[in-house]
Amino acid sequence: MSSTTPQASTTIPARRSFLSGFGKFTLSATAIALLAGRDRLALIGSAEAKAAGNDVAILNAALAAEQEAIAAYQVGASSGLLQKPVLDLAVQFQGHHKEHATALATTVKKLGGTPVAAKTKYTFPVEKLKTQADVLGFAAELERGAVSAYLGAIPILDDRELAKVAASILGDEAMHWAVLRQALGQPPVPSAFVS
Amino acid sequence: MKLPFTLFLGLTLGASLCQAADGDAGKGAQIYQRCLACHSLEHNRSGPRHCGLFGRPAATLPDFTYSQALKSAGLTWDAATLDRFLENPLKAVPGTRMAYAGVKNAQERADLIAYLKQATHDPDKCPPGSSR
Chain A
158 MSSTTPQAST TIPARRSFLS GFGKFTLSAT AIALLAGRDR LALIGSAEAK
208 AAGNDVAILN AALAAEQEAI AAYQVGASSG LLQKPVLDLA VQFQGHHKEH
258 ATALATTVKK LGGTPVAAKT KYTFPVEKLK TQADVLGFAA ELERGAVSAY
308 LGAIPILDDR ELAKVAASIL GDEAMHWAVL RQALGQPPVP SAFVS
Chain B
641 MKLPFTLFLG LTLGASLCQA ADGDAGKGAQ IYQRCLACHS LEHNRSGPRH
691 CGLFGRPAAT LPDFTYSQAL KSAGLTWDAA TLDRFLENPL KAVPGTRMAY
741 AGVKNAQERA DLIAYLKQAT HDPDKCPPGS SR
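Chains as they are written, first to last, in our numbering: chain A, 158 to 352; chain B, 641 to 772.
The structure is reproduced here in structure tokens:
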């Protein structure tokens, strides 16, 4: 992956203590509880139903991206290229994406929609993943993209409670991105604003 | 001779539109990072791949499942259609699965389109077979 740096593989051991601090927290069930509060039965009238349909489409798009992220982390974790504690970190981040996916799918159902199914096969640039740094760089690209995807979804969600939870997921993805950048030896927070 | 205000305004606006149309592919590469949760150049993700994008009728990659809305949109991807779509996908094609508010800044769209044009014609980024 062109986004990785040659120094990354050598800087990771020095960051072991930094990374080992992670993995001790998990996202609570708050997001799921919040999302679960959006019940189709509470909707009244066609305008609300239309809004719910719009939100279902947005949540399904997010769900599809989360499912792909889960698969991508699986490729990374199974590659044999990740060493502890980086491997633990990848597994933990994959767990977060699984929580996001569960929450999103639950909400789509509660809004009367059908959650998009995970693909049976994903295509990743595995031929370009030759080192730990390559894997981390690929994961960082996905997390960076996820931040932007949620940034682009939040303004168009009709239900502001759903937007709040989407923002909560965005925060999590942004932390993933920052930690991965740190592990790659890059400035973890590259700018004051993200778009 | 006194320049009529409307002509002046037209020339000014025209100049700024031309400026926006001249995208910077380098800056566009940075903007493209926003797309990477759902797209890549070479491979389908939750969104379709971009290799072969220019000149391709919308929703015609054989190995990707599109929304009915995009299939029915009658679009062929070029700088103009991309500019309109990227500004507000859900307004340009109501019902598209691209649930994204859009790239609102015209210069950023121009940069992004310039990058897409350059990258999708780069055989290293889009090897044979990735464009169909």
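A virtual CB, placed ideally from N, CA and C, is assigned to each residue, including glycine. Just so it is clear, the structure is predicted and the values come from calculations on it, not from any experiment.
Problem - Burial state of S712 (chain B), where buried means 16 or more other Cβ atoms lie within 10 Å - result: By the C-beta density criterion, S712 (chain B) is exposed, having fewer than 16 other C-beta atoms within 10 angstroms.
Practice task
Tell me whether the beta-carbon of V265 (chain A) lies closer than 8 Å to the beta-carbon of T259 (chain A).
Solution key: The beta carbons of V265 (chain A) and T259 (chain A) sit no closer together than 8 Å.
Exercise for the section: Answer yes or no: does any C-beta atom of chain B fall closer than 8 Å to that of E318 (chain A)? Expected result: No, because no Cβ of chain B sits closer than 8 Å to the Cβ of E318 (chain A).
Practice task
Report the partner residues of P697 (chain B) according to the DSSP bridge assignment.
Solution key: Per DSSP, B:T716.
Handout entry: Under 9 Å from the C-beta of C675 (chain B): neighbouring residues of chain A
Key = Near C675 (chain B) (Cβ distances below 9 Å), the residues of chain A are G302, S305 and A306.
Handout entry: Contact the stretch 326–341 of chain A vs the stretch 753–763 of chain B: 3+ CB pairs below 8 Å
Key = Touching, no.
Exercise for the section: Taking 8 Å as the cut-off, decide whether the C-beta atoms of V346 (chain A) and V304 (chain A) are in contact. Expected result: Not closer than 8 Å, so no.
Exercise for the section: Closer than 7 Å by beta-carbon distance: list the chain D residues that pair up with L341 (chain A), in chain order. Expected result: Among the chains of the structure shown, chain D does not appear; the protein chains present are A and B.
Problem - Three-state class that DSSP yields for P312 (chain A) in the structure shown - result: Three-state DSSP puts P312 (chain A) in a helix.
Problem - Contact check, D718 (chain B) vs R749 (chain B), beta carbons under 8 Å - result: With contacts defined by Cβ atoms closer than 8 Å, D718 (chain B) and R749 (chain B) do not form a contacting pair.
Practice task
Name, please, each residue of chain A whose Cβ falls closer than 9 Å to the Cβ of H683 (chain B).
Solution key: Here the neighbours are Y279, T280, F281 and P282.
Exercise for the section: Quick one: list the residues of chain B neighbouring L299 (chain A), beta-carbon separation under 8 Å, in chain order. Expected result: Within chain B, the residues near L299 (chain A) are L676 and A677.
Exercise for the section: State the Cα-Cα distance for the pair D291 (chain A) and I215 (chain A), rounded to the nearest angstrom. Expected result: The alpha-carbon atoms of D291 (chain A) and I215 (chain A) are separated by roughly 31 Å.
Exercise for the section: Determine the extent of the alpha helix (DSSP H) in which A262 (chain A) is found, giving its start and end residues. Expected result: Element bounds for A262 (chain A): V243 to K267.
Handout entry: Closer than 8 Å to chain B by CB, I326 (chain A)
Key = The beta-carbon of I326 (chain A) is placed no less than 8 Å from the nearest beta-carbon of chain B.
Practice task
Please name the residue, chosen from B:G695, B:G692, B:N684 and B:N745, that lies closest to A222 (chain A) on a Cα-to-Cα basis.
Solution key: Nearest of B:G695, B:G692, B:N684 and B:N745 to A222 (chain A), Cα basis: B:N684.
Problem - Simplified DSSP assignment, three categories, for A759 (chain B) - result: It is helical.
Handout entry: Cβ-based neighbour list, S348 (chain A), same chain, cut-off 8 Å, excluding 5 preceding and 5 following
Key = Here the set comprises nothing.
Handout entry: Same chain, Cβ closer than 7 Å to G742 (chain B), five either side skipped, listed in chain order
Key = Cβ within range, chain order: L726, E727, N728 and P729.
Handout entry: Residues near V232 (chain A) in its chain [Cβ-Cβ closer than 6 Å; skip 5 each side]
Key = Result list for V232 (chain A): F281, in chain order.
Handout entry: Beta-carbon proximity list for C691 (chain B), same chain, < 6 Å, skipping 5 on both sides
Key = Only L681, E682, T760, C766, S770 and S771 meet the Cβ criterion.
Practice task
Report yes or no: do three or more beta-carbon pairs, one from the stretch 732–747 of chain B and one from the stretch 294–312 of chain A, lie closer than 8 Å?
Solution key: When C-beta atoms of the stretch 732–747 of chain B are compared with those of the stretch 294–312 of chain A, three or more pairs fall below 8 Å, so the two segments count as touching.
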